[in-house]
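Colleague: Residue numbers (the UniProt record's numbering): 1 to 154. Here you go, one structure.
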Amino acid sequence: MVKELTPFRKRTQPGAWQDVDQLIYKESGYGSAFKSITRRILFDSNAGQNNQVRYFEVASGGWSTFEHHRHTHQVIIYRGSGTAVVGYRSQHVSEGDLVFVDSNEWHQFIATDDGPLGFICIVKEDRDHPVRPSASELQEIYAEHPELKGLIHA
Numbered sequence: 001m002v003k004e005l006t007p008f009r010k011r012t013q014p015g016a017w018q019d020v021d022q023l024i025y026k027e028s029g030y031g032s033a034f035k036s037i038t039r040r041i042l043f044d045s046n047a048g049q050n051n052q053v054r055y056f057e058v059a060s061g062g063w064s065t066f067e068h069h070r071h072t073h074q075v076i077i078y079r080g081s082g083t084a085v086v087g088y089r090s091q092h093v094s095e096g097d098l099v100f101v102d103s104n105e106w107h108q109f110i111a112t113d114d115g116p117l118g119f120i121c122i123v124k125e126d127r128d129h130p131v132r133p134s135a136s137e138l139q140e141i142y143a144e145h146p147e148l149k150g151l152i153h154a
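Following this line, the structure appears as structure tokens:
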């Protein structure tokens, strides 16, 4: 939940804003499915919409979870650069780039080794839970898309 919604909240440093708490990325139990990533909720339903505008920051060398779910993501790369994996394609992304993750598409965001990857992500506030690949699904993905082996972290 966002603290009291005020008309203005100043940026206090890159990737941080006044009255916006830094949260853990996911609950425990994910093992090495993600590395060095934080989450902030910039806006939620208190802003009069049925969505959340979130900010994620992946530290240098880190990654988000390789997963899919029914809800979509609209992503704006805010700072830094890295690799976005969407479906079975990977693309270098940097500040200002837009990424759309459709329903049930595998996806992951990976920071470069020389700096963070920060991105704004817009999702429905009421949404389903992510699904990670089983070992057999992962082997199938690697067999059909060998270019992803060694790139994605699952």
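The beta-carbon is built from N, C-alpha and C at its ideal position, and this holds for glycine as well. Treat the numbers as computed from the prediction; the structure is a model and nothing was measured.
Cutting at 7 Å between CB atoms, please list the residues of its own chain near Phe34, excluding the five before and the five after it.
Modeller: Contacts found: Tyr25, Lys26, Trp63, Ser64, Thr65.
Colleague: With distances taken between CB atoms, is the gap from Asp21 to Arg9 smaller than 9 Å?
Modeller: For Asp21 and Arg9, no; Cβs fall outside 9 Å.
Colleague: Would you say Thr83 faces chain C, with C-beta separation under 9 Å as the test?
Modeller: Absent here is chain C; the protein component of the structure consists of one chain.
Colleague: Please go through the same chain and pick out, in chain order, the residues whose beta-carbon is closer than 8 Å to the beta-carbon of Thr6, but skip the five residues on each side of it.
Modeller: Contacts found: Asp19.
Colleague: Pick helix, strand or coil for Ser136, following the three-state DSSP scheme.
Modeller: If DSSP states are grouped into helix, strand and coil, Ser136 belongs with the helices.
Colleague: In angstroms, rounded to a whole number, what distance separates the CA positions of Gly150 and Gly48?
Modeller: Spanning the two alpha carbons is a distance of roughly 42 Å.
Colleague: Any idea if Glu67 is buried or exposed, counting beta-carbon neighbours within 10 angstroms, 16 or more meaning buried?
Modeller: Glu67 comes out buried.
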